[in-house]
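Everything in the sequence shown is counted per our numbering, starting at 4 for the first residue and increasing by one.
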Amino acid sequence: MAGICYQSGGYLGRFPHSRSHSGQFGRRCGTEGHLRIESGSLHPYTVNKLALLTFLLLFSAACRPADDSWERVQAAGVLKVGLDPTYPPFEVADAAGVSGLDVDLARALTADLGVEAEFVYFGFDGLYDALATEQVDVLLSALVIAPERGKDFAFSEPYFNAGQVLIVPANDEEITEMADLNGRTLAVELGALGHVEATTWAKRIPDLTVRSYTTGDEALTAVLTGEADAALIDAIGGRLFLKEQPQLKIAQEVTVEPFALVVRIEDEQLLTRLNTSLEDLCQSGELDDIIGKWLGD
4 MAGICYQSGG YLGRFPHSRS HSGQFGRRCG TEGHLRIESG SLHPYTVNKL ALLTFLLLFS
64 AACRPADDSW ERVQAAGVLK VGLDPTYPPF EVADAAGVSG LDVDLARALT ADLGVEAEFV
124 YFGFDGLYDA LATEQVDVLL SALVIAPERG KDFAFSEPYF NAGQVLIVPA NDEEITEMAD
184 LNGRTLAVEL GALGHVEATT WAKRIPDLTV RSYTTGDEAL TAVLTGEADA ALIDAIGGRL
244 FLKEQPQLKI AQEVTVEPFA LVVRIEDEQL LTRLNTSLED LCQSGELDDI IGKWLGD
């Protein structure tokens, strides 16, 4: 599972492309959205109302504060990063400080931007409030893209897919995707999202046996011992297990659960800079290196 690059047809193409400010929340109007008024088609009173409305909209836009989000960060020389340090391997705090995949990513991003990273800790439930009240500039805390928060927040391009992955023995060349599981046994963690997804696939594949286990590790161990042909597990748990058990491999990314950075909706300038730096890290291979360090190759 490589890092996410932005070239056409690359890894990002498998994500719902909805994170840019304009692209996520509505298509910009083209000529089809323009109002055309033909001579004599509207009552003078209506034209006056339209003219007043146009004036008020233009006045409102002119009075709106300019976006100086990047200039503020650049002037301070610091990017304040909010996170919940209780979710290893993405972020965890101890007496030595904070570490994890997201922490390394934040430091790599700020190095690319030419500023320092300052980490501010919050409980998970307080992260978005902290961003909204300007206690931090950005959130980087294993947060899944959430379109329902689009009114107040904007998300970067995704940097990791934490969705469900199909895991098979490393020497298996026959199972490359879920559709290859006819006549096979699929191990899942009882009640987990992989179990739900497997149940859906079992309705499409007539001879698929879904076998549930108490934990994800038990499901993966069943593949190791030959008790099951494959397992459907979340990418984080699966990759951590594979890091210690190279006898298994990821055959397919089955579902999408994209992690991204979050900024305030008005901070478009900062979002653009962060996305540019993410692309730089991907193109250089540094994003892959960070993910590999914490989750295995």
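Virtual Cβ for every residue (Gly too), placed ideally from N, Cα, C. Fair warning: this is a prediction, and the values are worked out from it, not measured in the lab.
Check	Outcome
Can you find the residues in the same chain that come closer than 6 angstroms, C-beta to C-beta, to S42, ignoring five residues on each side of it along the sequence?	For S42, the pLDDT reaches just 39, beneath the cut-off of 50, and the residue's location in the model is therefore unreliable, although a value from the coordinates is still provided. Closer than 6 angstroms at Cβ, skipping near neighbours: no residue.
Output the residue ranges of the alpha helix (DSSP H) runs that lie fully inside the stretch 87-164 and measure 4 residues or longer, sorted by chain position.	104-116 and 130-135
Do V118 and L82 have their beta-carbon atoms positioned less than 8 angstroms apart in this structure?	yes
Could you spell out where the alpha helix (DSSP H) holding S228 opens and where it closes?	According to the sequence shown, residue 228 is Thr rather than Ser. Run containing T228: G219 to T228, per the alpha helix (DSSP H) assignment.
Alpha carbon to alpha carbon, what distance is there between E137 and N174?	51 angstroms
Using only the alpha-carbon positions, how far apart do L104 and H198 sit?	27 angstroms
When you compare the CB positions of V266 and A234, do they come within less than 8 angstroms of one another, or not?	no
Quick one: what's got a C-beta closer than 6 angstroms to Y90's C-beta in the same chain, skipping five residues either side?	A145
Does DSSP put V199 in a helix, a strand or coil?	helix
If I measure Cβ to Cβ from A2 and keep anything under 6 angstroms in the same chain, skipping five residues before and after, which residues do I get?	Outside the displayed span of the chain (4 to 300) sits residue 2, for which this structure offers no information.
To the nearest angstrom, how far is the alpha carbon of V257 from that of Q167?	5 angstroms
Determine the direct distance from the alpha carbon of Y131 to that of V76, and round the result to whole angstroms.	19 angstroms
Give the range of the beta strand (DSSP E) segment to which T212 is assigned.	T212 to Y216
What are the boundary residues of the beta strand (DSSP E) that includes V259?	It is not in any beta strand (DSSP E) - V259 carries neither H nor E in the DSSP assignment.
Could you say which of A79, L227 and A182 lies nearest to T113 if we only look at CA atoms?	A79
So L116 packs on S280, CB below 8 angstroms; how close in whole Å?	6 angstroms
Report all residues from its chain with a CB closer than 6 angstroms to the CB of G219; omit the five preceding and five following residues, and keep chain order.	E192, I236 and G240
Between which residues of its own chain and P261 is the CB-CB distance below 6 angstroms, once the five residues before and five after are set aside?	F18, I148, P161 and N164
Which residues in the same chain as D210 place their Cβ atom closer than 6 angstroms to its Cβ, once the five residues preceding and following it in sequence are excluded?	N185 and G186
Quick one: what does DSSP say L298 is sitting in, helix, strand or coil?	helix
Buried or exposed: R276, going by 16 or more other Cβ atoms within 10 Å of its Cβ?	buried
What are the start and end residues of the alpha helix (DSSP H) that includes Q286?	E271 to S287
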